[in-house]
Amino acid sequence: MSLKTLKSGKAQDAAHVFEEATRTADLGLQSKAYHNRGNALLGIAGAQEKEQKLDEAIKSVDEAMAMYERSMILDAK
25 MSLKTLKSGK
35 AQDAAHVFEE
45 ATRTADLGLQ
55 SKAYHNRGNA
65 LLGIAGAQEK
75 EQKLDEAIKS
85 VDEAMAMYER
95 SMILDAK
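Using the working numbering, read the sequence shown as starting at 25 and increasing by one per residue.
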């Protein structure tokens, strides 16, 4: 559901779903959830950029980078 949500352009909804998924005890799943939340946040940043909300877009990109870093800490692959 959440990947489908992300691909359909509903990045905000997907980001929320992936945020919830990061709470799992399964570290592999948690890593994937962080990675996919990063993807969703980049989608949000793109929409914010189109709306000229550049400060918000920068914050979304920064948060996306943090999600990717957390993902790599859990699974370097």
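Note that beta-carbon positions come from the ideal geometry of N, C-alpha and C, so glycine has one too.
Leaving out five residues on either side along the sequence, give the residues of the same chain with a beta carbon under 6 Å from the beta carbon of residue i.
{"i": "Ser-88", "result": "Note that residue 88 is Ala in the sequence shown here, rather than Ser. Gly-62, Leu-65, Leu-66, listed in sequence order."}
{"i": "Ala-69", "result": "Ala-81, Ser-84, Val-85"}
{"i": "Ser-95", "result": "Ser-55, Tyr-58, His-59"}
Output the distance between the C-alpha atoms of residue i and residue j, rounded to the nearest integer angstrom.
{"i": "Ala-57", "j": "Glu-75", "result": "27 Å"}
{"i": "Thr-46", "j": "Leu-53", "result": "8 Å"}
{"i": "Ala-49", "j": "Lys-34", "result": "26 Å"}
{"i": "Lys-101", "j": "Asp-79", "result": "31 Å"}
{"i": "Tyr-92", "j": "Lys-77", "result": "23 Å"}
{"i": "Leu-51", "j": "Asp-99", "result": "8 Å"}
{"i": "Gln-72", "j": "His-40", "result": "17 Å"}
{"i": "Ile-97", "j": "Glu-44", "result": "19 Å"}
Less than 7 Å between C-beta atoms, sequence neighbours within five positions excluded: which residues of the same chain meet that for residue i?
{"i": "Phe-42", "result": "Ser-26, Ala-57, Asn-60, Arg-61, Ala-64"}
> For the segment 27-81, which segments carrying the alpha helix (DSSP H) assignment without a break, of at least 4 residues, lie completely within its bounds, in sequence order?
Replying inline: For the segment 27-81, whole alpha helix (DSSP H) runs of length 4 or above, ordered along the chain, are 35-45, 51-74.
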